[in-house]
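Engineer: Quick one: this structure, given as structure tokens, is what I'll be asking you about.
Numbering (the working numbering), first residue to last: 3 to 94.
What follows is the structure, encoded as structure tokens:
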């Protein structure tokens, strides 16, 4: 028989990351209020990053994308184009 549910254990750090991870709409609200943000590219879809970059451009604030090396060059170009000079990629 297969189990009906799975039990997953999280480290404290992993749990805190899940607990405090911001929704895309929350990040856009922060940008709309004039705040700049730093986001791990691994935690968002490319389409979400494009929307976030557009909000950064519209509000003249900065979006910093860490772990950008996980995205294809074509995806980074789309994000950069949406951000119109308001996006910084960390390619480490």
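For glycine and all other residues, C-beta sits at the position ideal for the given N, C-alpha and C.
#1: Along the chain, where does the alpha helix (DSSP H) containing residue 46 start, and where does it finish?
#2: Decide if residue 79 is buried, meaning its Cβ has at least 16 other Cβ atoms within 10 Å, or exposed.
#3: Can you name, in chain order, every residue of its own chain whose Cβ lies under 6 Å from the Cβ of residue 48, other than the five neighbours on each side?
#4: Could you pull out every unbroken beta strand (DSSP E) segment of at least 3 residues lying fully inside the stretch 55-89, listed in chain order?
#5: Residue 86: which of 73, 71, 64 sits nearest, CA to CA?
#6: If you drop the 5 nearest sequence neighbours on each side, which residues of the same chain put their C-beta closer than 7 Å to that of residue 70?
#7: Tell me which residues share the same chain as residue 59 and place their Cβ nearer than 6 Å to its Cβ, disregarding the 5 neighbours each side in the sequence.
#8: Can you list, in chain order, the residues of its chain whose CB lies under 8 Å from that of residue 32, leaving out five sequence neighbours each side?
Structural biologist: In short, the structure shows the following:
#1: Where residue 46 is concerned, there is no enclosing alpha helix (DSSP H), given that its DSSP letter is neither H nor E.
#2: exposed
#3: 77
#4: 65-68
#5: 64
#6: 43, 78, 91, 92, 93
#7: 85, 86, 88
#8: 24, 39
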